[in-house]
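A.B. asks: Note that the protein sequences, when read in sequence, are chains Z and E.
If you use numbering that gives the first Met the number 0, the first sequence corresponds to residues 0 to 338, in order.
If you use numbering that gives the first Met the number 0, the second sequence corresponds to residues 0 to 338, in order.
Backbone N, C-alpha and C fix where the C-beta goes; we use that ideal spot for every residue, glycine too.
2 protein chains.
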Amino acid sequence: MDLRILEHRVRVLSLARRGLWRYTHPLLKLLLLPRRTRCKFFSLTETPEDYTIMLDEEGYKELPPSEFMQVVDATWLVLNVLSNGRSAGSSQVIGVTKIAKSVIAPLAEHSVSVLMLSTYQTDYILVREKDLPVVIRTLAGEFDIYKETNGDSIPVSCDDVSSSFLKPRHETSPTVHPVQSPRNKFCILTVAPDTLPAIATVLLDVLFYSQSPPKEAAPGGPGPDTIRFFAFSLIDGYISIVMDAETQKKFPSDLLLTSSSGELWRMVRIGGQPLGFDECGIVAQIAEPLADADISAYYISTFNFDHALVPEDGIDSVIQLLHRRQEAVDGWRSSSRGL
Amino acid sequence: MDLRILEHRVRVLSLARRGLWRYTHPLLKLLLLPRRTRCKFFSLTETPEDYTIMLDEEGYKELPPSEFMQVVDATWLVLNVLSNGRSAGSSQVIGVTKIAKSVIAPLAEHSVSVLMLSTYQTDYILVREKDLPVVIRTLAGEFDIYKETNGDSIPVSCDDVSSSFLKPRHETSPTVHPVQSPRNKFCILTVAPDTLPAIATVLLDVLFYSQSPPKEAAPGGPGPDTIRFFAFSLIDGYISIVMDAETQKKFPSDLLLTSSSGELWRMVRIGGQPLGFDECGIVAQIAEPLADADISAYYISTFNFDHALVPEDGIDSVIQLLHRRQEAVDGWRSSSRGL
Numbered sequence: 000m001d002l003r004i005l006e007h008r009v010r011v012l013s014l015a016r017r018g019l020w021r022y023t024h025p026l027l028k029l030l031l032l033p034r035r036t037r038c039k040f041f042s043l044t045e046t047p048e049d050y051t052i053m054l055d056e057e058g059y060k061e062l063p064p065s066e067f068m069q070v071v072d073a074t075w076l077v078l079n080v081l082s083n084g085r086s087a088g089s090s091q092v093i094g095v096t097k098i099a100k101s102v103i104a105p106l107a108e109h110s111v112s113v114l115m116l117s118t119y120q121t122d123y124i125l126v127r128e129k130d131l132p133v134v135i136r137t138l139a140g141e142f143d144i145y146k147e148t149n150g151d152s153i154p155v156s157c158d159d160v161s162s163s164f165l166k167p168r169h170e171t172s173p174t175v176h177p178v179q180s181p182r183n184k185f186c187i188l189t190v191a192p193d194t195l196p197a198i199a200t201v202l203l204d205v206l207f208y209s210q211s212p213p214k215e216a217a218p219g220g221p222g223p224d225t226i227r228f229f230a231f232s233l234i235d236g237y238i239s240i241v242m243d244a245e246t247q248k249k250f251p252s253d254l255l256l257t258s259s260s261g262e263l264w265r266m267v268r269i270g271g272q273p274l275g276f277d278e279c280g281i282v283a284q285i286a287e288p289l290a291d292a293d294i295s296a297y298y299i300s301t302f303n304f305d306h307a308l309v310p311e312d313g314i315d316s317v318i319q320l321l322h323r324r325q326e327a328v329d330g331w332r333s334s335s336r337g338l
Numbered sequence: 000m001d002l003r004i005l006e007h008r009v010r011v012l013s014l015a016r017r018g019l020w021r022y023t024h025p026l027l028k029l030l031l032l033p034r035r036t037r038c039k040f041f042s043l044t045e046t047p048e049d050y051t052i053m054l055d056e057e058g059y060k061e062l063p064p065s066e067f068m069q070v071v072d073a074t075w076l077v078l079n080v081l082s083n084g085r086s087a088g089s090s091q092v093i094g095v096t097k098i099a100k101s102v103i104a105p106l107a108e109h110s111v112s113v114l115m116l117s118t119y120q121t122d123y124i125l126v127r128e129k130d131l132p133v134v135i136r137t138l139a140g141e142f143d144i145y146k147e148t149n150g151d152s153i154p155v156s157c158d159d160v161s162s163s164f165l166k167p168r169h170e171t172s173p174t175v176h177p178v179q180s181p182r183n184k185f186c187i188l189t190v191a192p193d194t195l196p197a198i199a200t201v202l203l204d205v206l207f208y209s210q211s212p213p214k215e216a217a218p219g220g221p222g223p224d225t226i227r228f229f230a231f232s233l234i235d236g237y238i239s240i241v242m243d244a245e246t247q248k249k250f251p252s253d254l255l256l257t258s259s260s261g262e263l264w265r266m267v268r269i270g271g272q273p274l275g276f277d278e279c280g281i282v283a284q285i286a287e288p289l290a291d292a293d294i295s296a297y298y299i300s301t302f303n304f305d306h307a308l309v310p311e312d313g314i315d316s317v318i319q320l321l322h323r324r325q326e327a328v329d330g331w332r333s334s335s336r337g338l
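1. Would you mind listing the alpha helix (DSSP H) stretches within the stretch 23 to 92 of chain E that are 4+ residues and don't spill past its ends, in chain order?
2. Which value, in whole angstroms, describes the spacing of the CA atoms of Ile187 of chain Z and Tyr119 of chain Z?
3. Against chain E, does Arg17 of chain Z count as a neighbour if the rule is that its beta carbon must be under 7 Å from one of theirs?
4. Taking the runs of the beta strand (DSSP E) that are 3 residues or longer, which of them lie wholly in the stretch 246 to 331 of chain E?
5. Only counting runs of 3 or more residues, tell me where the beta strand (DSSP E) segments fall wholly within the stretch 144 to 209 of chain E, in order along the chain.
6. So is Leu30 of chain Z in contact with chain E if we call contact Cβ pairs under 7 Å?
7. From which residue to which residue does the alpha helix (DSSP H) around Ile135 of chain Z run?
8. State the beta-bridge partners of Phe228 of chain Z as determined by DSSP.
9. Using the beta-carbon of each residue, which ones in chain E are nearer than 7 Å to Thr23 of chain Z?
10. Answer with buried or exposed for Gln69 of chain E, where buried requires no fewer than 16 other C-beta atoms within 10 angstroms of its C-beta.
11. Along the stretch 240 to 254 of chain E, what residues have a CB closer than 8 Å to any CB found in chain Z?
12. So, is Ala244 of chain Z buried or exposed, given that buried needs 16 or more other C-beta atoms within 10 angstroms?
13. Taking three-plus beta-carbon pairs below 8 Å as touching, is the stretch 107 to 123 of chain E in contact with the stretch 297 to 312 of chain E?
14. State yes or no: is the beta carbon of Asp193 of chain E nearer than 7 Å to at least one beta carbon in chain Z?
15. Report yes or no: is there a C-beta of chain E within less than 7 Å of the C-beta of Leu14 of chain Z?
16. What do you reckon, are the CB atoms on Cys38 of chain E and Leu54 of chain E nearer than 7 Å?
17. Of all the CB atoms in chain E, is at least one closer than 7 Å to the CB of Pro196 of chain Z?
18. Who are the near neighbours of Ala307 of chain E in its chain, counting only those whose CB is closer than 6 Å to its CB and skipping five residues on each side?
19. Sort E:Glu66, E:Leu321 and E:Ser65 by Cα distance to Leu292 of chain E and report the nearest one.
20. Determine, for Tyr237 of chain E, whether the minimum Cβ-Cβ distance to residues of chain Z falls below 7 Å.
21. Given a threshold of 16 other Cβ atoms within 10 Å of its Cβ, counted over all protein chains shown, does Pro192 of chain Z qualify as buried or as exposed?
22. I think His176 of chain Z touches Ile269 of chain Z, with their Cβ atoms under 8 Å apart; what is that distance to the nearest whole Å?
23. I think Glu61 of chain Z touches Pro25 of chain Z, with their Cβ atoms under 8 Å apart; what is that distance to the nearest whole Å?
24. For the beta strand (DSSP E) containing Glu108 of chain E, list its first residue and its last residue.
25. Within 7 Å of any Cβ in chain Z, is that where the Cβ of Asp204 of chain E sits?
26. When the distance is taken between beta carbons, is Glu6 of chain Z closer than 7 Å to Ile147 of chain Z?
27. By Cβ distance below 6 Å, which residues in the same chain neighbour Ala230 of chain E in space, the five residues on each side in sequence not counted?
28. Return no unless some Cβ of chain E is closer than 7 Å to the Cβ of Thr200 of chain Z.
29. Can you look up Glu6 of chain E in the DSSP assignment and give me helix, strand or coil?
30. Kindly examine the ligand NAP and report whether one of its heavy atoms sits closer than 6 Å to the Cβ of Ala199 of chain Z.
31. How many Å lie between Arg3 of chain E and Ile135 of chain E at the Cα?
32. Closest to Asp235 of chain E by CA distance: which of E:Ile198, E:Lys28 and E:Phe41 is it?
33. Report all residues from its chain with a CB closer than 6 Å to the CB of Arg324 of chain Z; omit the five preceding and five following residues, and keep chain order.
34. Can a CB atom of chain Z be found closer than 7 Å to the CB of Arg8 of chain E?
35. Helix, strand or coil for Ser112 of chain E per DSSP?
36. Would you list the residues sitting across from Met242 of chain E in a DSSP beta bridge?
Here it is as structure tokens:
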């Protein structure tokens, strides 16, 4: 399989809800007016906590610093796996499950922390720029690696990178983070770029003006066990939207495209406390058991928490799976302490 | 004829170009998302100097004060003439010309300063709330006057208003303001409210992101003798747009509706220095000669200057007309000073 290191150099930041007005002008441009910006990698994810934005340096320049913005102190590079028709594992599974064993697990073992951004089209793995040598050495066995430079794909070999950065393999047992499963159902959609204008007002309405918290929601709004979650990305000209099935009803039904099966997805939200950006293996602890069970999953990291989306009819087995794993780790810890 | 005093209580303000980002969030709502706001009278006019906003108090609440905003210290009421099929003067002329003799001139004579807002649908005359008694006494002879209250039209008679506010008639000779005539041509258009979303991205692009000054304009942009001018209004559910014919090309051609003649308009811009809000007779000095010559005109006041739009093929005679009037006043002044 091929692994591409994309040209985008990405910054990751959090925008406070109360500061959204401050950024509406540049965000409008990044969302809807691609001709007005040189940004090619833009992702905006609304969660109850904040808006997480991942965007390349061209886009980042458009966002003036303010007290409402927190930026992760690192530049991230974007990895993308091209299957070349040869799927890793079952050809049925999609999303992060497909790269769990080949990318996610090895990077976790080599102490590389990753952020994931699944879209309708593909799955992006974000790694810190400084970790790139380790990433290449770790994955060169499994993949042909190419670095995109000025539009060309240049092969990268292990010899190109110093081995001095290779970190010791991860040995300690991972922190197992609590998971929650909100009751709302999600769709994973795309829109043809030339029809984006036709959904612009609804998109703006949903993203910028649906700010009443769930407690104050009108009848028909999200219930108490649901989560506000809306992810929009515009990457290299491709649009991807993840939204609640209720929210989807606000959009013209003929313009949002989904896979032919039209399935709905449930969310597993990872983290009781904000996860931070240094811990390794967070994605792996979810993706590996799902890969073992052949369950597809999209995965979207945000500034505070991670979010996996699994097929609606698989949510119960996923939750069981993750609970069993938690018990197993607890058991391992107890026994290793001689209890 | 009937004159309606509408329910809207309107504020008039100027937004500095450099502060537009500060107001993008509320303006988006006022422009495109009528369900998110209780504002029923909203007008935004871009000129080289600033953005002039006229909006009712519900809309005004959405705009937080800042160093970028200047607000006229008055509340304005909105007058609207219903022709009842009986047109004043020629049935061919439209716009402010039609009400020049019956409304504009009498108000000027009674020292009532007015702001005009012509739209595709009609012409709104804004008067200060405190001038309403004078307005009613001045116009009651010519019109049946109705005040809209909670959706009903209540007849108003002169007896309802105190006569103590009636000001002396205006006797001094008016200031004659210089006029300019930029070379660009304008269209006066409407859009069906349910197709507004289809032009939303172009509208946002034109209003919020076309900010390079004419000097730096790309080839094909406005020339040196042209003016940046774009007026959008959404009043009681009706949309009106005045834009440069070049700007119109950016919009989908099938969604903008104009009168069947599809004529183009040229601008007469009134004022060498900002006009302020206290002087009376500024509209009258333009509208009366046009009425005498049976030339249609739309008229849009902004924070600093006034703008009349006249049929393309009438611009030369209008300019001649206004110059002759200027000379006449100059002559009158010279002779009255005994020179």
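C.D. replies: Reading from the atomic positions:
1. Entirely contained in the stretch 23 to 92 of chain E, the alpha helix (DSSP H) runs reaching 4 residues are, in chain order, 56 to 59.
2. Stepping through the first sequence from its first residue, residue 187 of chain Z is reached at position 188. Stepping through the first sequence from its first residue, residue 119 of chain Z is reached at position 120. One alpha carbon belongs to Ile187 of chain Z, the other to Tyr119 of chain Z, and they sit about 6 Å apart.
3. Residue mapping note: residue 17 of chain Z aligns to position 18 of the first sequence, counting from 1. No, because no Cβ of chain E sits closer than 7 Å to the Cβ of Arg17 of chain Z.
4. Runs found: 264 to 269, 297 to 300 and 305 to 310.
5. Listed in chain order, they are 151 to 155 and 184 to 188.
6. Within the first sequence, residue 30 of chain Z is the residue found at index 31, counting from 1. Not one chain E Cβ lies under 7 Å of Leu30 of chain Z.
7. Here the question's residue 135 of chain Z lines up with position 136 in the first sequence. For Ile135 of chain Z, the enclosing alpha helix (DSSP H) has its first and last residue at Leu131 to Leu138.
8. One-based indexing of the first sequence puts residue 228 of chain Z at position 229. Residue pairing by DSSP places Phe228 of chain Z in no beta bridge whatsoever.
9. Residue numbering aside, residue 23 of chain Z sits at position 24 when the first sequence is read from its first letter. Here the neighbours are Thr23, His24 and Leu27.
10. As a working mapping, residue 69 of chain E is identified with position 70 in the second sequence. Exposed, because fewer than 16 other Cβ atoms sit within 10 Å of the Cβ of Gln69 of chain E.
11. Under the 8 Å Cβ criterion, the stretch 240 to 254 of chain E contributes no residue.
12. Walking along the first sequence from the start, residue 244 of chain Z turns up at place 245. The residue in question, Ala244 of chain Z, is exposed, as its Cβ has fewer than 16 Cβ neighbours within 10 Å.
13. Touching, yes.
14. Translated into positions along the second sequence, residue 193 of chain E becomes position 194. No, its Cβ sits nowhere closer than 7 Å to a Cβ of chain Z.
15. The sequence position of residue 14 of chain Z within the first sequence is 15, counting from 1. Residue-level contact by beta carbon fails for Leu14 of chain Z and chain E, as no gap is shorter than 7 Å.
16. Locating residue 38 of chain E in the second sequence gives position 39, where the first residue counts as 1. Locating residue 54 of chain E in the second sequence gives position 55, where the first residue counts as 1. Cβ distance < 7 Å, so Cys38 of chain E and Leu54 of chain E count as in contact.
17. In the first sequence, residue 196 of chain Z corresponds to position 197, counting from 1. Pro196 of chain Z counts as touching chain E.
18. Here residue 307 of chain E corresponds to residue number 308 of the second sequence, with the count starting at 1. So the qualifying residues of the chain are Val267, Ile285, Ala296 and Tyr298.
19. Position 293 of the second sequence, counted from the first residue, corresponds to residue 292 of chain E. According to the sequence provided, residue 292 of chain E is Ala. The question's Leu does not apply to it. Among E:Glu66, E:Leu321 and E:Ser65, the Cα nearest to that of Ala292 of chain E belongs to E:Leu321.
20. Here residue 237 of chain E is taken as the residue at index 238 of the second sequence, counted from 1. Tyr237 of chain E does not count as touching chain Z.
21. Counted from its first residue, the first sequence places residue 192 of chain Z at position 193. Answer is exposed; the Cβ neighbour count stays below 16.
22. Mapped onto the first sequence, residue 176 of chain Z falls at position 177. Mapped onto the first sequence, residue 269 of chain Z falls at position 270. Right, their Cβ atoms sit about 5 Å apart.
23. In the first sequence, counting from the first residue as 1, residue 61 of chain Z sits at position 62. In the first sequence, counting from the first residue as 1, residue 25 of chain Z sits at position 26. About 4 Å; that satisfies the 8 Å criterion.
24. Here residue 108 of chain E refers to the residue found at position 109 when the second sequence is read from its first residue. Bounds of any beta strand (DSSP E) do not take in Glu108 of chain E; it lies within the alpha helix (DSSP H) bounded by Ala104 to Glu108.
25. Counting from 1 along the second sequence, the entry for residue 204 of chain E is found at position 205. For Asp204 of chain E, the answer is yes, since a Cβ of chain Z falls inside 7 Å of its Cβ.
26. Within the first sequence, numbered from 1, the residue matching residue 147 of chain Z stands at position 148. Within the first sequence, numbered from 1, the residue matching residue 6 of chain Z stands at position 7. For the sequence presented, residue 147 of chain Z should be read as Glu rather than Ile. Closer than 7 Å, so yes.
27. Residue 230 of chain E sits at position 231 when you count from the first residue of the second sequence. Exclusion of the five residues before and after Ala230 of chain E leaves Thr44, Val241 and Ile299 as the residues of its chain whose Cβ lies within less than 6 Å of its Cβ.
28. To locate residue 200 of chain Z, count along the first sequence from 1; it is residue 201. Taking Cβ atoms only, chain E reaches closer than 7 Å to Thr200 of chain Z, which makes this a yes.
29. As a working note, residue 6 of chain E is residue 7 in the second sequence. In the structure shown, Glu6 of chain E sits in a strand (DSSP, three-state: E or B).
30. No copy of the ligand NAP appears in this structure; indeed no ligand is present at all.
31. One-based indexing of the second sequence puts residue 3 of chain E at position 4. One-based indexing of the second sequence puts residue 135 of chain E at position 136. Arg3 of chain E and Ile135 of chain E: Cα-Cα distance of roughly 11 Å.
32. Numbered from its first residue, the second sequence carries residue 235 of chain E at position 236. Answer by Cα proximity: E:Phe41.
33. For the purposes of this step, residue 324 of chain Z is identified with residue 325 of the first sequence, where counting begins at 1. Pro288, listed in sequence order.
34. Here residue 8 of chain E is taken as the residue at index 9 of the second sequence, counted from 1. Any Cβ of chain Z closer than 7 Å to the Cβ of Arg8 of chain E would place that residue at the interface, and such an atom is absent.
35. Here residue 112 of chain E is taken as the residue at index 113 of the second sequence, counted from 1. It is coil, neither helix nor strand.
36. The residue labelled residue 242 of chain E in the question sits at position 243 within the second sequence. As DSSP reads the structure, Met242 of chain E sits in a beta bridge with E:Cys186 and E:Phe229.
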